[in-house]
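Student: Here you go, one structure.
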Amino acid sequence: GVFNAADYYFTETLAALGGQELNPLTAPLINTPYFAVLKLIVIPLLLLFIWLVRKKINPKRLQIYTFVLFLCYFSLMLYFGALFGFLV
């Protein structure tokens with residue numbers, strides 16, 4: 002949720018400053034309405050789906066996957082924070 006919204010904001014800001022999206026799956030969507038739909042609607046819905054089916058998945062495996070995803074997003078936020086001078 003929150004990391005996803007921050008990722009959307011920072012990606013849009015970076016693109017407006019002339020930066021490029023390095024993710025080959027989302028790069029074609031930058032500066033289109035589809036990017037906002039993907040980042041702010043589709044991904045949160047997928048996260049909700051994972052939350053709803055979490056009891057049917059091996060708990061240890063789900064914990065590992067969730068932690069890895071968290072670390073990826075957290076690292077991305079630290080990178081953007083350093084890039085834009087939010088982290089001094």
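In this text, residue positions in the sequence shown follow my numbering: the first is 2, and each later residue adds one.
The beta-carbon is built from N, C-alpha and C at its ideal position, and this holds for glycine as well.
Only a predicted model underlies this, so the values are computations on that prediction, with no experimental measurement involved.
So, with DSSP's three-state summary, where would you put F4?
Tutor: Position 3 of the sequence shown, counting from 1, holds the residue named residue 4. If DSSP states are grouped into helix, strand and coil, F4 belongs with the helices.
Student: CB T27 to CB L39, shorter than 8 Å?
Tutor: Here residue 27 is taken as the residue at index 26 of the sequence shown, counted from 1. Here residue 39 is taken as the residue at index 38 of the sequence shown, counted from 1. Yes, Cβ-Cβ distance for T27 and L39 is below 8 Å.
Student: Buried or exposed: where does F11 fall if 16 or more other Cβ atoms within 10 Å of its Cβ makes it buried?
Tutor: As a position in the sequence shown, residue 11 is number 10, starting the count at 1. It counts as buried.
Student: List the whole-angstrom C-beta distance separating A6 from L41, where the pair is believed to meet the contact cut-off of C-beta under 8 Å.
Tutor: Translated into positions along the sequence shown, residue 6 becomes position 5. Translated into positions along the sequence shown, residue 41 becomes position 40. That pair is a contact at about 7 Å.
Student: Per the contact definition of three or more C-beta pairs closer than 8 Å, is the segment 17-24 in contact with the segment 49-63?
Tutor: Not touching, per the Cβ criterion.
Student: By DSSP, does V85 sit in helix, in strand, or in coil?
Tutor: As a first step, residue 85 is located in the sequence shown; it is residue number 84 there, counting from the start. Before going on, a small fix: residue 85 reads as Phe here, not Val. Coil at F85, not helix or strand.
Student: Which two residues bound the contiguous alpha helix (DSSP H) that contains A37?
Tutor: The residue given as residue 37 occupies position 36 in the sequence shown. From DSSP, the alpha helix (DSSP H) with A37 extends over 34-38.
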